[in-house]
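Just so we're aligned, residue 1 is where the sequence shown starts under the UniProt record's numbering, counting upward by one. Working notes for the structure below.
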Amino acid sequence: MTGWEKLVSLVQNMTVVIVFILIGNRLYPSLIHWNPSMRKLVIGLLFGAAGVLSMMMPIHAGEGSIVSIKNIITALSAWIGGPISAIVTLACVVVYRVYLGGIGMPAGVGASVSAALIGILFQYSRHADRRHSFQLVNPIAIGILILLNSLAWSWMLPEVNRSYMIKHYSVILIVMYPLASIFFHYFMNVEWKRQREFIVDDITGFPQFKPFKSSLQKLIKTRTPFVLTLIHIDGFKTISALNTMAVKNELLKQISKRITHWLPEGGSACRLEGEQFLICLVDPTKRKLPEFDSEYWNEMQTLLSSPYLVEHQLCHITISTGMKSYNGEDITIDRMLPHAYAALKHAQETGVNQTVQYHEKLTEQIRHRTLIEVYLRSALKENQLSLQYQPQYELQTGALRGFEALMRWNHPDLGCIPPSDFIPVAEETRLILPIGQWALRQACETLQRLAPSPSTLTISVNISGIQLLDEQFPTQVSNALTASGLHAERLELELTESSLLDTLDIAERQLKSLQSLGVRLALDDFGRGFSSMNYLRKLPFHLIKIDKSFIHDIGNATEHEVTGSMIQFIKQMKYGIVAEGLETYEQLTYLRKLHCDFAQGYLFGKPLQDNQLSTLINPV
């Protein structure tokens, strides 16, 4: 062959590589979703076709001998797809090489078999050390090894053919084998890996949202009924904050495996950001989906909420679920998702392990929430917010202990908006920062104005987790005390357990800073969460406020004992106790008998305006 013919043959072989790469990249997004064995089989067929094609455009190295990139292709098939791909590719290549015949056939077959073994060896080494599996050294090493392998098998050729091949084609082989290997490696490993990251979530193996959304759009296009289900893993952020990334990822893997096990035929799932999963259940009959089946979803909740064993520790979670059904109506995925989120939000507000199906009233609730957000942005500036003060009394002496400041919002159009409606919105929008700072200053100034020193009356102010995480919060508390002149020990900051869940370490640091100022710290709504005992041991609280639900249950024989045991436990831990929601004399008698320290509730009085406090502070 002339130099020009050699160059043409080299270009033809590299063209085979490029064409095959383009075909592989085109098919890979579909291959991702196939089961592993079928995917490896297809990869083997693709590489086999490329190997056969390269032998159709060979470089002739004398009578009966050819030079092609089939051995590189066979080795890379084994490296990427493992033994299954190697066997399929090898079968294609060997059958065609035997078909071509010639004196170089035995050497060619032997070289292909040993090339497959080299590829399998590299494949196992890649699993053993994934950190270096995609470095450039591996494809170059494979190219050189296959070159040496081919030269070794060339000793089976007649001396004339062998000498001719080495003399005239050694330079081409030295260039072609490593170069072809690098091309294959880059596109079949680097590009495929990049595509996989775009299409599939590496941790769970579920599709990413974009391809998942495309599949939903196809269902809408064919008007196939389905249920879109949004699942939120409650408590996941707490586990993430208290553990390593490895624990977090392993927990996600186990959750996804349970979802996969639970999914019926035709169902699919994807993981959204963080701790949310989106599930689609399809009705292939195209009949209208049946009504919501609570037993079916309860089965899922039970499965996903069962404890997880992750790195020798048990992890407990709960889930909240929002559902939106599609029954062939004119709607888009972009409109369905907010409905699912609205249902999820309602489920979270209802309690733990709740499933809510979307209905039109939820849309009204969303509109109402939007109005609240819009009006709340100007509420502070327009003096619509105010504080009311509920008295707290010492149970053994009947003396006034102090007050809890409670925020109120009276809007000119919406009327009196309950805190349960606007406080969550304030937290989500971070408006709680300026509002909370105002409430803190207002409460301190009011108590100092109405009951200046030497009075020891206290003022309790509720603090959001958003405020606590603000680095400037201890400074803001100090400034409020300085501006009002109130002694630090007369200010009590109340935090709910839920405000501490996600960032326990930061909360501990902030609470210790507040403690150093001299203010008192109270854990509010004690008993509602599952980790209260942990907080009592780790965080510097002075006072525990028992949730009103336990006080209301006094009189019920079983709950009666639970409340009593809780109070005794807190007393043993040397904390002060405040009972919330006191409404009956029976409750009062029982709490006094248990030596509960303080109480507040409608039995003693409703929350009052600041101009009504003087009669309590300075009785005639």
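No residue lacks a Cβ here, since even glycine has one placed at the ideal position from N, Cα and C.
Asked	Found
Should the stretch 33-52 be called in touch with the stretch 81-90, which here means at least 3 C-beta pairs below 8 angstroms?	yes
Can you name, in chain order, every residue of its own chain whose Cβ lies under 8 angstroms from the Cβ of Val-98, other than the five neighbours on each side?	Met-105, Val-109
Extract the residue ranges of the alpha helix (DSSP H) inside the stretch 556-613, only unbroken runs of 4 or more that lie entirely within it.	557-572, 585-593
Under 7 angstroms Cβ to Cβ from Val-352, same chain only, skipping five residues before and after it: list those, please.	Asp-234, Thr-318
Mind checking who Gln-357 pairs with in its DSSP beta bridge?	Met-323
Between Val-477 and Val-425, which are expected to be in contact by the criterion C-beta below 8 angstroms, what is the C-beta distance as a whole number of angstroms?	So it is not a contact: roughly 24 angstroms between Cβ atoms.
Take every Cβ of the stretch 569-582, pair it with every Cβ of the stretch 599-612, and state whether three or more of those distances are shorter than 8 angstroms.	yes
Check the C-beta distance from Phe-47 over to Ser-77 and give it rounded, since I have them as a contact under 8 angstroms.	4 angstroms
I need the straight-line Cα distance from Ser-306 to Leu-514, nearest angstrom please.	38 angstroms
Between which two residues does the beta strand (DSSP E) carrying Gly-402 extend?	400-411
What residue range does the alpha helix (DSSP H) around His-232 cover?	Taken as a continuous stretch (DSSP letters only), His-232 belongs to no alpha helix (DSSP H), being part of the beta strand (DSSP E) at 226-234.
State whether the stretch 391-399 contacts the stretch 435-448, with contact taken as three or more CB pairs (one from each stretch) at a distance under 8 angstroms.	no
From the DSSP output, in three-state form, read off Pro-451 for me.	First, the amino acid is wrong: residue 451 is Ala here, not Pro. Residue state, collapsed to three classes: coil.
Can you tell me where the alpha helix (DSSP H) holding Ile-89 begins and where it ends?	Note that residue 89 is Thr in the sequence shown here, rather than Ile. Where Thr-89 is concerned, the enclosing alpha helix (DSSP H) stretches over 70-100.
Does the distance from the CB of Ala-115 to the CB of Asn-161 come in under 7 angstroms?	no
Run through the DSSP bridge pairs and tell me what Leu-314 is partnered with.	Leu-309
Can at least three beta-carbon pairs, one atom from the stretch 355-365 and one from the stretch 404-417, be found at a separation below 8 angstroms?	no
Report the option in Asp-202, Leu-303, Val-282, Thr-222 whose CA atom is closest to the CA atom of Glu-273.	Asp-202
According to DSSP, is Asp-525 helix, strand or coil?	strand
Among all the DSSP beta bridges, which residues are the ones paired with Leu-415?	A quick correction: the sequence has Gly, not Leu, at residue 415. Partner(s): His-411.
With DSSP run on the structure shown, which of helix, strand or coil describes Arg-430?	coil
Near Gly-576, which residues of its chain fall below 6 angstroms by C-beta distance, leaving aside the five closest residues on each side in sequence?	Leu-543, Asp-597
Which class does Val-52 belong to by DSSP, given the choice of helix, strand or coil?	helix
Please report the straight-line C-alpha distance between Ala-379 and His-411, rounded to a whole angstrom.	8 angstroms
Is there contact between the stretch 260-279 and the stretch 205-214, where contact requires at least three CB pairs shorter than 8 angstroms?	yes
In angstroms, rounded to a whole number, what distance separates the CA positions of Ser-163 and Ala-152?	13 angstroms
How many angstroms separate the CA atom of Ser-214 from the CA atom of Gly-328?	17 angstroms
If you reduce the DSSP assignment to three classes, tell me which class Lys-545 lands in.	strand
Give the secondary structure of Glu-291 by DSSP, where H, G and I count as helix, E and B as strand, and everything else as coil.	Confidence at Glu-291 is low in this model, with a pLDDT of 46, below 50, so the placement of that residue should be treated as unreliable; the coordinate-derived value is given next. Three-state DSSP puts Glu-291 in coil, outside helix and strand.
Quick check: the Cα distance between Pro-452 and Leu-493, rounded to an integer number of angstroms?	19 angstroms
In the DSSP assignment, find the unbroken alpha helix (DSSP H) run with Ser-386 in it and report its ends.	From DSSP, Ser-386 is part of no alpha helix (DSSP H) but of the beta strand (DSSP E) over 385-394.
Could you give the residue range of the beta strand (DSSP E) that holds Ile-459?	458-462
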